[in-house]
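Accompanying notes for the structure given below.
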Ligand code: HEM
Ligand SMILES: Nc1ncnc2c1ncn2[C@@H]1O[C@H](COP(=O)(O)OP(=O)(O)OP(=O)(O)O)[C@@H](O)[C@H]1O
Ligand SMILES: Nc1ncnc2c1ncn2[C@@H]1O[C@H](COP(=O)(O)OP(=O)(O)OP(=O)(O)O)[C@@H](O)[C@H]1O
Ligand SMILES: [Mg+2]
Ligand SMILES: [Mg+2]
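Protein chains in written order, with the working numbering: chain A, 525 to 581; chain B, 63 to 273; chain C, 63 to 273; chain D, 154 to 402; chain E, 42 to 263; chain F, 42 to 263.
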């Protein structure tokens, strides 16, 4: 089966790739968002620690 | 016997009070002091069980008020900043309904007398909507005259009242205390309650004199 | 120069006041007295033009306020029972907007200073919703610090304020009067304004002492 | 009993749950990648072409897993909420809110892929058929939950409100699942009966199952990493957080 | 105990009587929605008869969804709700009372009005009957379920929408069965099955909703 | 002068931003109404296409009618309206400002959303265009007219219904021309005539409504 055939999906290209595409998109986007959220959380904690350090000084 | 065991309350990112402990026996009045925003209202609402403290507990006769629920509430009256008055109902109706819900239904007659005492003669059957601030306040305070609960929690009860009304309310409070009740009170005005049975509690972080 | 020519106001089936006449020059404070429901608020709202009197007129510099409309309003500040504060906006935003509408737009900086003076440090940019009563009150009163209107109409401005704040507000009022402004004020608390520039006006029908 | 309770509580404290969650994230992300990779390979190269739907049917390999997960995750959320009410452990509320977005994504995917399947099969993107509608409802439930928690500033209130909402919403799950039985609809009935008998070519079935497990692992990994962030945000001024290695790096 | 229930119901009815609007507004809204359609769509009876059940049920659903906002909000603002939370009464009973009154004021009139309006869409007698029955069973369920949403979103920034967003998913089944029953009857095949489902929903919500709402109120009042 | 107008508009937009709900609630309501009908009525495309214009316009009308209650009420309750009456600004300008903001928040999103929803009812492109145009002209008129009703009924017992009662008669022409235009286009014969009428209504209300509302406010505020 040729690559072209494969991507044509027997005429159903739009639908099949439309679904799988969006699915992939979301399931890649979410982890990225999660990563950035974690980064922010860590940054905030770090800031608070620094603040407390200031106060104790 | 009301006990508060190191109570803590945090609002937003400000810790209003923490490690707050005191106990209150019958026949005493607790006067909360503190500048605006010091947490008086918050503390009172916590004592009523309307606000969940972030830490600590409130005990009534040795048992947590959370557990007691209705039994505790039967012993409690709270009069806060919000009048708790329905503008579309007359003073009489407002009073009778709130009493009925408190479990001490009162007769039309009793309601009239209470409002009469509160100096609302001639305004008893106006819709509360048209009353002046002071008059509205008087209607909500009238509950105290017919209610037999042991703890009164009064958040700035004197606001909007004229001098005569303030005098009268103070006498009512005094007699409740003398009769062995407890009163938790906050006000920014002077109170003349016979000292001795009075406990004071200071909240807040501002040095006094600071605006 | 504010003149009141036999003003009458009827509410429902009660004549609150009638044949009321007085005049108020610059640099004086008019202190309205009267028991709850005696008509103080009603009178003040009439003076502001919010309520149409059943008879009589209010003149500003010799001309009826009805005719003057915006010119009169430019010289007027009214602070009533309702806070006039938007709970969803911060203190700063509330202040700046109301000033802008008064025609005296102020800078962010000025707003911060005003609230600072009112003792709201650290609460300037919280949504007013979460502020305590006293703090909300302070926000609405902050207008007086930046506003340059000649007549201030203040309906129980001291309610919910703690002692320090009351002191401060009184000094603000005093200085406004000294600067030749006029203040119309009602309160059930004691006011310490240097006598002499103070006019008193008694409303109501109850003998004092009556609740 | 009591002993089991005790170590349950041990794990229910954020400070102990945090590292545990960390380990689960790594484990399940790997699992997810492997399973989904295999699943995709099978769904495109192993699984035979469907005799009446042609290649178009291959959507089933994400549609059905997504649909199932969207329901499954909601049930799990409800489970956590109930635990939260019984033992009021803080972690349960955090888990509930950590699961919601992932669940919402799967609910959306089941709608989207369904729509992209419906167009060729039924000639329309959308019909107001029971199954479809109930899937839409589920999506709304997720959105409602997220919106409610978003609207409340105070953590404690949002936790309790959220838990209550989830438990109320749970009644919809049976409706969704049995909607096909109750109304005769365009939509496929359950191919996998509760009784276990499957009306499907085994290869297709296996592919679907592998994909499902892949999604399942993905969901766990996502939820766990989200819950870690939530813990950090809420416990930010506790000592154990300030002593974490990743913070002091 | 029932004392309290009775007090609340009579209180809310009294209030509704004082500001009649509340009775009419929902009814009026319902009437508007239902009667505006012929205006917007045009008078073909065929079409109208076709869409009638849908229109009626959607209208009823919207009407009760909008009435929700007023369920607890007023009491919350003037502090009477706070006082209720402090009364020595089982809260769910008070909630049930409020919802009952609310339904009597907003739901019932609408139910009674429906058949008359139905004539506008010339529905058959039996269809009308079924409509009456389903509405009579459906609207209380709507009020009960809606109560939870109203309680949860009390005093929140997002009031209005949130309620709809939370409540809608739970409303839709009622809508489907309700409209379904009427359609089924109108098109000959009996709607009994749908009606049973409605009954089930009603019973369930009657049992669970007040408890849930009560819990929600305690959470929101803080 | 325009300073004041600008202040009010930005203030209300800021407020809307703070409680996003207000933006969404109307939009969401609109979406719900439009999408629920297929649920109630059933999926036959033919029927749907037939009733689409009606549904959309009725939905838009209801949405803006419901949004009205919020137009002045909030400001009235917290006393900011009182303060506005006391500012040295021409009141009608402030009113115009409030209505503008109100439309931007409640009307515009709905207009922009309509075409998307139109697809659900598979309307043709040109029909969709006309729908967009008519809504774009109609909804501001609705807000303006509605403002009068809102101002008149401010703080009255009876708010809700009264508004609808007062406003509805004035709304119906807008509805008829609006829906008419779309139908006319959908069924081939152009809707130009209807659209001109809509324009006329819009201009008139733009001139008169703010003045009327301002007067009404002074009366209600007493
Ligand atoms: C927007 C449209 C659709 C939605 C929202 C939707 C929703 C769902 C849901 C919620 C499930 C899982 C429920 C269950 O497994 O019992 C499901 C399963 C399934 N759907 Fe869809 N679906 C849609 C369109 C379609 C279409 C167009 C087809 C095929 C023509 C389809 C075929 C299936 C199949 C075969 C299953 C598996 C049933 C089973 O194994 O239990 N779906 N769908
Ligand atoms: N979400 C929040 N974020 C930040 N601060 C908050 C929040 N909620 C409440 N607060 C603060 O908590 C305090 C509430 O205090 P409370 O209302 O108990 O004061 P109070 O002692 O009753 O004051 P007053 O004398 O004015 O009535 C205020 O300082 C307020 O600013
Ligand atoms: N519609 C009405 N019917 C009968 N009486 C009315 C009506 N509207 C107002 N009143 C009466 O008019 C008076 C309004 O007084 P106002 O609010 O001016 O009092 P006040 O002096 O400000 O009192 P307070 O000190 O309590 O603020 C009240 O006595 C009220 O009962
Ligand atoms: Mg206070
Ligand atoms: Mg007054």
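Beta carbons: idealized from backbone N, C-alpha and C, even for Gly.
Asked: Below 7 Å CB to CB, which residues in the same chain sit around residue 203 of chain E once its five sequence neighbours on both sides are set aside?; Found: 194 and 197
Asked: Is it true that the CB of residue 203 of chain B sits closer than 9 Å to the CB of residue 219 of chain B?; Found: yes
Asked: DSSP puts residue 12 of chain B in a beta bridge; with which residues?; Found: Chain B is shown from 63 up to 273; residue 12 of chain B falls before or after that span and cannot be answered.
Asked: Please give me, in chain order, every unbroken run of the alpha helix (DSSP H) with length at least 4 that falls completely inside the segment 157–183 of chain B.; Found: 170–179
Asked: Considering only the beta carbon of each residue, do residue 69 of chain F and residue 207 of chain E sit closer than 9 Å?; Found: no
Asked: Measure the beta-carbon distance from residue 167 of chain D to residue 384 of chain D and round it to whole angstroms, keeping in mind my assumption that it falls under 8 Å.; Found: 5 Å
Asked: Do you know how far the Cα of residue 256 of chain E is from the Cα of residue 247 of chain E?; Found: 15 Å
Asked: Would you report the Cα separation of residue 176 of chain E and residue 97 of chain E, rounded to the nearest angstrom?; Found: 9 Å
Asked: Mind checking the segment 208–230 of chain E against chain D and listing, in chain order, the residues whose C-beta falls within less than 9 Å of any C-beta there?; Found: 208, 209, 210, 211, 213, 214, 217 and 221
Asked: Hey, residue 188 of chain E and residue 46 of chain E: beta-carbon distance below 9 Å or not?; Found: no
Asked: Helix, strand or coil, according to DSSP, for residue 572 of chain A in the structure here?; Found: helix
Asked: Which runs of the beta strand (DSSP E) fall wholly inside the segment 75–128 of chain C and span at least 3 residues, in chain order?; Found: 76–86, 91–95 and 117–122
Asked: Find the residues of chain B that neighbour residue 144 of chain C, judging by a C-beta separation of less than 8 Å, and give them in chain order.; Found: The contacting residues do not exist; residue 144 of chain C stays about 10 Å from chain B at best.
Asked: Is the beta carbon of residue 113 of chain B closer than 9 Å to that of residue 67 of chain B?; Found: no
Asked: Mapping the DSSP letters down to three states, classify residue 187 of chain E as helix, strand or coil.; Found: helix
Asked: Less than 7 Å between C-beta atoms, sequence neighbours within five positions excluded: which residues of the same chain meet that for residue 311 of chain D?; Found: 302 and 305
Asked: Between the segment 42–59 of chain E and chain B, which residues of the former have a C-beta closer than 8 Å to a C-beta of the latter?; Found: 44, 45, 48, 49, 52, 55, 56 and 59
Asked: Who does residue 140 of chain B pair with in a DSSP beta bridge?; Found: B/215
Asked: Give a single yes or no on whether residue 102 of chain C has its beta carbon closer than 8 Å to a heavy atom of ligand 5.; Found: yes
Asked: Is residue 248 of chain C near ligand 5, going by C-beta to nearest heavy atom under 8 Å?; Found: yes
Asked: Less than 8 Å separating the Cβ of residue 156 of chain C from some heavy atom of ligand 3?; Found: no
Asked: Given a threshold of 16 other Cβ atoms within 10 Å of its Cβ, counted over all protein chains shown, does residue 113 of chain E qualify as buried or as exposed?; Found: buried
Asked: Are the segment 177–197 of chain C and the segment 145–161 of chain C touching by the rule of at least three beta carbon pairs closer than 8 Å?; Found: yes
Asked: Return the residues of the segment 213–232 of chain D that lie within a Cβ-Cβ distance of less than 8 Å from chain A, sorted by chain order.; Found: 215, 216 and 219
Asked: Nearest to residue 250 of chain F by alpha carbon, out of F/134, F/74 and F/57?; Found: F/134
Asked: Under 9 Å between C-beta atoms, does residue 92 of chain E make it to chain D?; Found: no
Asked: Assuming residue 212 of chain C contacts residue 180 of chain C (C-beta within less than 8 Å), just tell me the rounded distance between them.; Found: That pair is no contact at about 22 Å.
Asked: I'd like to know whether the C-beta of residue 219 of chain B is nearer than 9 Å to at least one C-beta of chain E.; Found: no
Asked: Strictly below 8 Å CB to CB, what residues from chain F border residue 162 of chain C?; Found: 44, 45 and 48
Asked: Within 10 angstroms of the Cβ of residue 166 of chain E, are there 16 or more other Cβ atoms? Answer buried if so, exposed if not.; Found: exposed
Asked: Using a Cβ cut-off of 8 Å, pull out every chain B residue sitting near residue 123 of chain E, in sequence order please.; Found: 112, 140, 142, 144 and 146
Asked: Hey, could you find the ends of the alpha helix (DSSP H) residue 380 of chain D is sitting in?; Found: 355–387
Asked: Sorry if obvious, but does the Cβ on residue 196 of chain C come closer than 8 Å to a heavy atom of ligand 4?; Found: yes
Asked: Assuming residue 182 of chain E contacts residue 215 of chain E under a Cβ cut-off of 8 Å, what Cβ separation, rounded to an integer in Å, is found between them?; Found: 6 Å
Asked: Count the CB pairs spanning the segment 368–384 of chain D and the segment 175–194 of chain D that are closer than 8 Å, and state whether there are at least three.; Found: yes
Asked: Restricting to Cα atoms, I'd like to know which of F/192, F/228, F/174 and F/231 is closest to residue 110 of chain F.; Found: F/192
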